[in-house]
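Below is one structure, written out as structure tokens; comments come after it.
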């Protein structure tokens with residue numbers, strides 16, 4: 009007789025999670041120590057000031073009256089009921105929308121032109137970077153003179169051409185039909201002139217990552233230029249398009265430098281953006297709590313956009329497309345991924361070819377369009393947009409130089425004299441402070457520029473070195489040990505700090521520096537500059553390390569190299585283009601920074617180039633005959649960043665391209 013087995017009911021015990029292997033624990037420990045210095049710096053120079061800013065916004069603080077009282081959320085309630093804030097929010101929206109649209113369209117157009125083969129392409133790419141390498145202070149000086157209602161270049165040109173018979177106060181009460189006051193849109197033009205080159209550089213890096221065989225296949229199938237752009241180029245660069253859209257929008261809502269130099273928020277409230285309203289509330293009316301609340305509201309908007317930006321970068325494309333900041337892919341799978349996307353594009357082209365019978369995608373008839381004469385014509389026509397880009401990028405800078413070697417009588421002539429008498433007096437005023445009857449008061453301020461150049465160099469180099477050391481260590485950890493759980497949220501948090509407006513943490517820095525004796529010191533500026541440069545350097549290095557083959561590190565480990573030895577003996581030498589690109593970004597950003605220098609470094613021993621330019625600009629408000637010295641100071645101020653951009657432009661493109669082939 010068979011017996012049934014006895015079944016004993018026992019509670020189901022959940023299986024223990026598998027313990028991490030020793031190698032995984034070692035990876036996590038090594039990654040932690042690489043990231044820790046950067047994490048501590050970010051907490052100290054970004055997160056703590058933001059927390060302090062929140063505390064400040066909950067108080068009524070007025071140093072002029074000795075007031076410091078807890079008011080809770082009253083500052084925020086007062087902000088929302090103010091008509092000035094609602095007006096500033098509307099102006100900020102219009103400004104950011106205009107800047108974003110024009111930056112994307114102009115940047116993409118310039119990138120498409122510069123991606124074509126033509127003689128002098130390398131030089132043109134360097135020329136393109138000149139406006140971007142200039143600080144907002146010098147850009148403000150250039151465009152303030154162009155728009156000047158009394159002696160400005162725009163008025164002079166239009167008057168000479170007979171288009172106007174009286175000079176127009178462009179930045180005052182001048183209306184454009186339908187659009188309204190012209191001042192806001194004139195500031196937009198100046199802003200786009202300064203920001204579009206960087207968008208073009210991002211797009212150019214993405215375009216260079218598109219495989220040429222896709223275009224060749226499309227041409228064989230008879231695709232027109234528009235069809236190639238629509239079905240190949242646009243899908244491939246879409247992640248870069250998303251990145252540029254977000255960065256341009258955030259740049260637009262954070263705009264301050266050009267508002268400071270061109271309009272100071274006027275006429276009326278026509279150019280009063282939220283950043284200017286917050287600044288003026290703090291340092292114009294000494295309402296530190298309410299002004300900080302305004303800027304924190306701006307921070308919330310910026311962080312919301314930053315969140316969208318990070319989600320876009322983390323999202324995998326459905327079929328194809330890559331670009332700067334595209335979603336991550338392992339280095340080992342890179343070749344297979346490119347082959348997959350190439351195959352997908354080939355299928356798309358085959359589909360389009362089959363649609364030729366419907367007239368949607370008809371192969372073009374072979375005729376004169378494929379002849380040598382037609383190719384020569386196309387090669388000639390490319391120089392028309394190239395010339396336009398050249399003039400757009402260099403004309404304001406060349407005019408700044410011409411004005412810097414012109415005597416004040418020429419600058420103030422009506423109509424303007426476009427064949428000026430050359431003089432070096434303006435440069436002598438800067439370097440020697442020689443006083444003349446026509447530049448009274450200016451040399452005393454201008455002679456501070458040589459010392460300011462030394463200060464800016466020390467601050468920018470120190471910031472760059474610190475950011476490269478910390479950013480390389482952390483970037484390597486985020487690249488190679490991305491499976492360690494704590495790294496992904498840590499990276500996201502660090503990148504979010506880059507989206508915090510500098511103005512939002514200005515009051516905390518101002519108060520903390522007063523407390524700890526860091527006001528008017530170069531060390532204080534270095535701390536501030538590291539706060540916004542480090543996340544950018546970290547991201548560039550991380551994306552570049554992603555492209556360095558890991559098999560070299562495995563080979564080094566077999567040869568007996570430790571992890572750190574592998575990093576600095578094997579990986580870092582291969583990442584030199586990324587290091588140069590990241591260092592160049594950090595140096596130029598530090599050299600050109602204005603708002604921290606304006607408030608936190610007003611002593612001769614710490615003031616930077618941008619602060620001295622602002623001082624000279626303030627003096628000339630009392631005498632336009634002093635413009636020549638200002639222009640000379642502007643030319644001197646842009647030489648270091650423009651020279652670096654010219655020399656290392658190929659490393660910029662190479663560094664960005666390294667991150668554009670992922671995805």
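In the numbering used here, the protein residues as written are 9 to 671. Ideal Cβ placement from N, Cα and C applies to all residues, glycine included. Because the structure is a prediction, the values reported are computed rather than measured.
- Distances from the CA of residue 274 to each of 299, 181, 228 were compared; the closest alpha carbon is that of 181.
- Between the beta-carbon of residue 118 and that of residue 397 there is about 5 Å, and that keeps the pair under the 8 Å contact cut.
- DSSP links residue 77 through a beta bridge to 68.
- Pairing residue 42 with residue 484 gives a Cβ-Cβ distance under 8 Å.
- In this structure, DSSP gives residue 189 an extended state, which the three-state scheme calls strand.
- The DSSP-derived three-state label of residue 183 is strand.
- Going by C-alpha positions, residue 222 is about 40 Å away from residue 263.
- No Cβ-Cβ contact shorter than 8 Å links residue 604 with residue 542.
- Between the stretch 297-314 and the stretch 280-288, the count of C-beta pairs closer than 8 Å reaches three or more; the two stretches touch.
- Within the stretch 252-328, the runs of alpha helix (DSSP H) at least 4 residues long that lie entirely inside it are, in chain order, 265-270, 282-291, 296-322.
- In the structure shown, residue 569 adopts coil according to DSSP, grouped into three states.
- If you look at residue 168, you'll find it in the alpha helix (DSSP H) that goes 161-168.
- In the structure shown, residue 516 adopts helical secondary structure according to DSSP, grouped into three states.
- Just so you know, the alpha carbons of residue 548 and residue 477 end up roughly 13 Å apart.
- Looking only at 66, 557, 205, the smallest Cα-Cα distance to residue 82 is reached by 66.
- Rounded to the nearest whole angstrom, the CA to CA distance from residue 650 to residue 286 is 32 Å.
- Segment contact: the stretch 205-218 against the stretch 114-129, three or more CB-CB distances shorter than 8 Å; contact assigned.
- Ranking 40, 91, 412 by CA distance to the CA of residue 643 puts 412 first.
- Residue 489 sits in coil when the DSSP states are folded into three classes, being neither helix nor strand.
- In the DSSP annotation of this structure, the continuous segment of the alpha helix (DSSP H) that includes residue 648 starts and ends at 635-655.
- A buried status is given to residue 535, since no fewer than 16 other beta-carbon atoms sit within 10 Å of its beta-carbon.
- The three-state reading of DSSP puts residue 37 in helix, counting H, G and I together.
- Residue 554 is classed as buried because its beta carbon has at least 16 other beta carbons within 10 Å across all chains shown.
- Taking 8 Å as the cut-off, the beta carbon of residue 597 is found no closer than this to the beta carbon of residue 659.
- When C-beta atoms of the stretch 415-425 are compared with those of the stretch 149-167, three or more pairs fall below 8 Å, so the two segments count as touching.
- In this structure, residue 269 places its C-beta atom within 8 Å of the C-beta atom of residue 149.
- For the 8 Å CB-CB criterion, residue 627 and residue 641 do not form a contact.
- With a contact defined as Cβ atoms closer than 8 Å, residue 615 and residue 463 qualify at about 6 Å.
- Nearest to residue 272 by alpha-carbon distance, out of 243, 229, 192, 248, is 192.
- A Cβ-Cβ separation of about 48 Å leaves residue 29 out of contact with residue 111 under the 8 Å criterion.
- The criterion of a C-beta distance shorter than 8 Å is not satisfied by residue 587 and residue 517.
- If you ignore the 5 residues before and after residue 108, its C-beta comes within less than 7 Å of the C-beta of 253, 256, 257, 260, all in its own chain and listed in chain order.
- The C-beta separation of residue 143 from residue 653 comes to about 12 Å, leaving the pair out of contact by the 8 Å criterion.
- Here residue 636 is buried: its Cβ has 16 or more other Cβ atoms, across all protein chains shown, within 10 Å.
- In this chain, the alpha helix (DSSP H) harbouring residue 407 covers 391-412.
- In this chain, residue 507 is not harboured by any alpha helix (DSSP H), its DSSP state being neither H nor E.
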